[in-house]
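Asker:
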Amino acid sequence: MRIAIGSDHAGYDLKEFLKVEISKRGHQVLDFGVNDKSPSDYPDYGLKVARIVSRGDADRGVLVCGTGIGMCVVANKVKRIRAALVYDLYGAIQSRRHLDANVLVLGGRMTAKELAAEILDVWLNTPFEGGRHAGRLKKIEEWEDECFRETEG
Ligand code: RB5
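When you read off a place in the sequence shown, starting at 1, and then add 234, the result is the number in our numbering.
1. Can we count A317 as close to the ligand RB5, meaning its CB is less than 7 Å from some heavy atom?
2. Can you name, in chain order, every residue of its own chain whose Cβ lies under 7 Å from the Cβ of D265, other than the five neighbours on each side?
3. Collect the residues with a C-beta less than 6 Å away from any heavy atom of the ligand RB5 and give them in sequence order along the chain.
4. In chain order, what residues of the same chain have a beta carbon less than 6 Å from the beta carbon of G295, not counting five sequence neighbours either side?
5. Considering only the alpha carbon of each residue, which of I353, Y246, E348 lies closest to A318?
6. Taking 7 Å as the cut-off, is the CB of W357 close to at least one heavy atom of the ligand NAP?
7. Pick out whichever of V356, I374, E255 has its Cα sitting closest to the Cα of K311.
8. For the beta strand (DSSP E) that contains R236, what are its first and last residues?
9. Buried or exposed for A351, please, with buried defined as at least 16 other CB atoms from any protein chain shown within 10 angstroms of its CB.
10. In the DSSP assignment, the alpha helix (DSSP H) including L281 goes from what residue to what residue?
11. Taking 8 Å as the cut-off, decide whether the C-beta atoms of V308 and K249 are in contact.
12. When the distance is taken between beta carbons, is G302 closer than 8 Å to V339?
13. If you follow the beta strand (DSSP E) that L340 is part of, which residue opens it and which one closes it?
14. Using the Cα positions of A368 and F362, report the straight-line distance between them to the nearest angstrom.
15. Check this for me: beta carbons of H243 and V268, under 8 Å apart or not?
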């Protein structure tokens, strides 16, 4: 898969670690920054990655900020993005099985590298269950379409 990745300064170390982990698993990494730990604004990088995934120019996205909360909020503003803030393995599994999450969000100040690598592994390899969950996602898409119709006018 092509995986777009991004972080702010607080997520930089974990992002760099995850780039290696993603590559090791045979996926292509598209890095949208940041490139160092100088202060930065998570919306800039969250939006870049979310837009790339939304356009289909990457299959999935991974975002990291300090808590993951800011990145999750901003990524979910983009059409067809289902970003999941994940702190444990159960969350990683369910975000794929039930939500078909296409962006994984982690907190660089919350989650140790070892656990983050396990979360990544599970998240990349767990399929969407479909069925009743597909119907629920369709309701979200219908709402998105309504919102975007209003703003695109
Ligand atoms: C940056 O200090 C911090 O606010 C940011 O990384 C993130 O945790 C926001 O949710």
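The beta-carbon is built from N, C-alpha and C at its ideal position, and this holds for glycine as well.
Every value quoted in this text rests on a predicted model; they were computed, and no experiment measured them.
Answerer: With the structure as the only source:
1. Counted from its first residue, the sequence shown places residue 317 at position 83. No - the ligand RB5 has no heavy atom lying nearer than 7 Å to the Cβ of A317.
2. Along the sequence shown, one-based indexing puts residue 265 at 31. Excluding positions up to five away in sequence, the list reads I239, K253.
3. D242, A244, Y276, C299, G300, T301, I303, G304
4. By one-based count along the sequence shown, residue 295 stands at place 61. Closer than 6 Å at Cβ, skipping near neighbours: A238, V283, V287, V337.
5. Walking along the sequence shown from the start, residue 318 turns up at place 84. Comparing Cα positions, the closest option is I353.
6. The ligand NAP is absent from the structure shown, which contains only the ligand RB5.
7. Locating residue 311 in the sequence shown gives position 77, counting from the first residue. Answer by Cα proximity: I374.
8. Here the question's residue 236 lines up with position 2 in the sequence shown. Residues 236-241.
9. Mapped onto the sequence shown, residue 351 falls at position 117. Result: buried.
10. The sequence position of residue 281 within the sequence shown is 47, counting from 1. Segment 276-289, the alpha helix (DSSP H) holding L281.
11. For the purposes of this step, residue 308 is identified with residue 74 of the sequence shown, where counting begins at 1. For the purposes of this step, residue 249 is identified with residue 15 of the sequence shown, where counting begins at 1. In this structure, K249 does not lie closer than 8 Å to V308 by Cβ.
12. Here residue 339 refers to the residue found at position 105 when the sequence shown is read from its first residue. Here residue 302 refers to the residue found at position 68 when the sequence shown is read from its first residue. Cβ atoms of V339 and G302: closer than 8 Å.
13. Within the sequence shown, residue 340 is the residue found at index 106, counting from 1. 337-341 is the extent of the beta strand (DSSP E) around L340.
14. For the purposes of this step, residue 368 is taken as the residue at position 134 of the sequence shown. For the purposes of this step, residue 362 is taken as the residue at position 128 of the sequence shown. Distance between the alpha carbons of A368 and F362: 9 Å.
15. On the sequence shown, residue 243 is found 9 positions in, with the first residue counted as 1. On the sequence shown, residue 268 is found 34 positions in, with the first residue counted as 1. Against a cut-off of 8 Å, the Cβ pair of V268 and H243 comes out as a contact.
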